[in-house]
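Numbering (the numbering used here), first residue to last: 636 to 1039.
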Amino acid sequence: MSPPERADRGIDAPTARPLSFATRAVHAGHPRVVRGPVEAPIVTSVAFAFASAEEAEGAFRGENDAFIYGRWGNPTVLGLEATLADLEGGEAAVCTASGMAAVAGSLLALLEAGDHVVAPRALYGETARLLRERLPRLGIETTFIDDTHAASFEAAIRPATRVLYMETPQNPTLRLTDVAAVAALGRARGLLSIVDNTFATPWCQTPLALGADIVVHSMTKALSGHGDAIGGAVVARRDLRDRIADTVVKGLGAVLSPISAYLVARGIRTLDVRMERACRSARTIAEWLEQRPGVARVHYPTLLSHPDHDLAGRQMRAGGSLVSFELAGGRAAGRRLLDTVGLCVHAVSLGDARTLITHPASTTASTMPEADRARVGIGEGLVRLSVGLEDAGDIIADLDAAIG
Ligand SMILES: Cc1ncc(COP(=O)(O)O)c(C=O)c1O
636 MSPPERADRG IDAPTARPLS FATRAVHAGH PRVVRGPVEA PIVTSVAFAF ASAEEAEGAF
696 RGENDAFIYG RWGNPTVLGL EATLADLEGG EAAVCTASGM AAVAGSLLAL LEAGDHVVAP
756 RALYGETARL LRERLPRLGI ETTFIDDTHA ASFEAAIRPA TRVLYMETPQ NPTLRLTDVA
816 AVAALGRARG LLSIVDNTFA TPWCQTPLAL GADIVVHSMT KALSGHGDAI GGAVVARRDL
876 RDRIADTVVK GLGAVLSPIS AYLVARGIRT LDVRMERACR SARTIAEWLE QRPGVARVHY
936 PTLLSHPDHD LAGRQMRAGG SLVSFELAGG RAAGRRLLDT VGLCVHAVSL GDARTLITHP
996 ASTTASTMPE ADRARVGIGE GLVRLSVGLE DAGDIIADLD AAIG
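Below, the structure written as structure tokens:
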């Protein structure tokens, strides 16, 4: 069977009724099946033959869309890009080798020496390190704000600012950023706004619809959903997407493998049911934790006690699959919990079918200076739970026994 052609992408809505998220997650980006295999093949070929010398010349001039070489485009990856663009409501997407390739590649593509970024201090550890340690070596500075308020973003803007960077919900504190407010600020000041949508996924929120310019993802997490593929993606306007793709995949070579693209695409087909279950369970577990002696505080965006509860109602469909909580007994209680759980798996990452539990201060946020951790609320007793697809009652029983 020949590989799917670019023109085959997209879905025909049977009626004028807009297709729901669940339907688009299953169909968008997949070739319409009229005959032959229902599942698109995994195309592993590195090189693609040209039908004629004229087609080859045209392909290199960008005048036709013939595939040329695996680092520049691949049918399996292209299908996934179409799915992501559809689900995030963007013009175009590019897949990358990992979430960090999407984050770092976007910033490298858009910024140059002398430019400046504004970002909250509490970010995924490696993103924070990129902004704090790596980009300054290239002359790109970041001002870190202690909270996530649009007013704090505004106060940190300088003449050299080019990008307002957000991660909402934030890792691991689960504080939210008002994407519409920060994106509007960026627009008014001629700045690009970038949102890492890994925690929420397009099932919970679509930052582009709220006015953001660029969405970045670690597809390693809930999009793939089974903990067996590493990948990233950027979704944006076509011109921005092309600029970022040119740097990240063509120039830096951080290309997604077709096999990983297949695994992520397969995961996305069940994203709707997985997110619905995981968010419902996360909320149930968060409510239970709030009542549990030994737990000092629970962070979950849709709880009434969460400081961004109103914003969660405005910009998210549900609170997401992550819950963070602080144990009254601090680090010692955290260690005991992690060493005692039986069902929850003590491992980093998130968005897996299995519930994963981790201690951010000593793992994912350990590269953050201790003073910064204290400023943003990553305490020694903070535990992060990535709620999976098990029965919520079983997870609660496991936690109950392990908290002691
Ligand atoms: C919010 C967030 N963004 C980006 C990344 C980086 O993703 P990857 O591990 O796919 O490079 C992670 C990883 O945990 C993350 O949690």
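C-beta atoms are modelled at their ideal positions from N, C-alpha and C, and glycine is treated no differently.
Supposed close pair residue i, residue j - CB separation, criterion 8 Å
i: Gly734; j: Thr650; result: Not quite, the Cβ-Cβ distance comes to about 37 Å (not below 8 Å), so this is no contact.
i: Arg626; j: Asp781; result: What is shown of the chain runs 636 to 1039, which leaves residue 626 out entirely.
i: Val883; j: Gly740; result: 3 Å
i: Ala701; j: Glu690; result: 5 Å
i: Gly977; j: Glu1015; result: Wrong, their Cβ atoms sit about 24 Å apart, outside the cutoff.
i: Arg989; j: Val983; result: At roughly 13 Å, the Cβ-Cβ gap does not stay under 8 Å, so Arg989 and Val983 are not in contact.
i: Thr777; j: Arg767; result: 7 Å
Nearest residue (CA-CA) to residue i, options the options
i: Ala660; options: Arg878, Gly902, Asp1033; result: Gly902
i: Asp1040; options: Pro942, Met1003, Ile920; result: Given that the chain is displayed from residue 636 to residue 1039, the structure contains no residue 1040 and the question cannot be resolved.
i: Leu1034; options: Thr1002, Arg971, Leu766; result: Arg971
i: Val752; options: Val1011, Leu827, Ala1037, Glu723; result: Leu827
i: Gly760; options: Ala868, Gly724, Thr808; result: Thr808
i: Ala737; options: Val869, Gly846, Asp881; result: Val869
i: Gly867; options: Arg952, Ser892, Arg793, Gly664; result: Ser892
i: Met801; options: Val817, Ala786, Cys730; result: Val817
i: Arg810; options: Ile1031, Ala686, Leu946; result: Leu946
i: Ala847; options: Gly1016, Ala1032, Glu726; result: Glu726
i: Val930; options: Arg912, Arg767, Arg966; result: Arg966
i: Leu898; options: Gly714, Ala657, Glu768, Thr975; result: Gly714
i: Ile894; options: Ile879, Asp863, Ser916; result: Asp863
i: Phe960; options: Asp881, Leu906, Ile1038, Asp813; result: Ile1038
i: Arg952; options: Thr937, Leu962, Asp943; result: Thr937
i: Asp987; options: Ala963, Glu768, Ala754, Leu906; result: Leu906
i: Ile775; options: His784, Arg793, Leu758; result: Arg793
i: Leu799; options: Thr658, Ala785, Arg909; result: Ala785
i: Ser655; options: Gly724, Ala688, Arg696, Leu973; result: Gly724
i: Ala1000; options: Asn806, Cys730, Leu722; result: Asn806
Burial state of residue i, where buried means 16 or more other Cβ atoms lie within 10 Å
i: Pro638; result: In this predicted model, Pro638 has a pLDDT of only 44, less than 50, meaning its place in the structure is not dependable; the value taken from the coordinates is given anyway. It counts as buried.
i: Met636; result: Since pLDDT at Met636 reaches only 37, below the 50 mark, its modelled position is unreliable, and the value read off the structure follows with that caveat. By the neighbour-count rule (16 or more Cβ atoms within 10 Å), Met636 is not buried but exposed.
i: Leu1020; result: buried
i: Leu773; result: exposed
i: Thr1002; result: exposed
i: Ser859; result: buried
i: Arg652; result: exposed
i: Pro1004; result: exposed
i: Arg876; result: buried
i: Phe788; result: buried
i: Ser916; result: buried
i: Tyr704; result: exposed
i: Leu1017; result: buried
i: Leu765; result: buried
i: Leu719; result: buried
i: Ala621; result: It is not possible to answer for residue 621, since the shown part of the chain is limited to 636 through 1039.
i: Pro942; result: exposed
i: Phe695; result: exposed
Beta bridge counterpart(s) of residue i as assigned by DSSP
i: Glu776; result: His751
i: Ala871; result: Ala727, Ile849
i: Glu690; result: Beta-bridge pairing links Glu690 to no other residue.
i: Phe960; result: Val933, Val1018
i: Asp831; result: Glu802, Val851
i: Ile992; result: His981, Leu1020
i: Tyr759; result: DSSP, once it has assigned bridges, lists no residue as partnering Tyr759.
i: Tyr704; result: Ala682
| query | Is there contact between the region 734 to 748 and the region 696 to 712, where contact requires at least three CB pairs shorter than 8 Å? | reply | no
| Contact between the region 915 to 931 and the region 667 to 686 (3+ Cβ pairs under 8 Å) | no
| Three-pair Cβ contact test at 8 Å for the region 897 to 917 versus the region 842 to 859 | yes
| field | the region 942 to 961 contacting the region 831 to 843, beta-carbon criterion three pairs below 8 Å | value | yes
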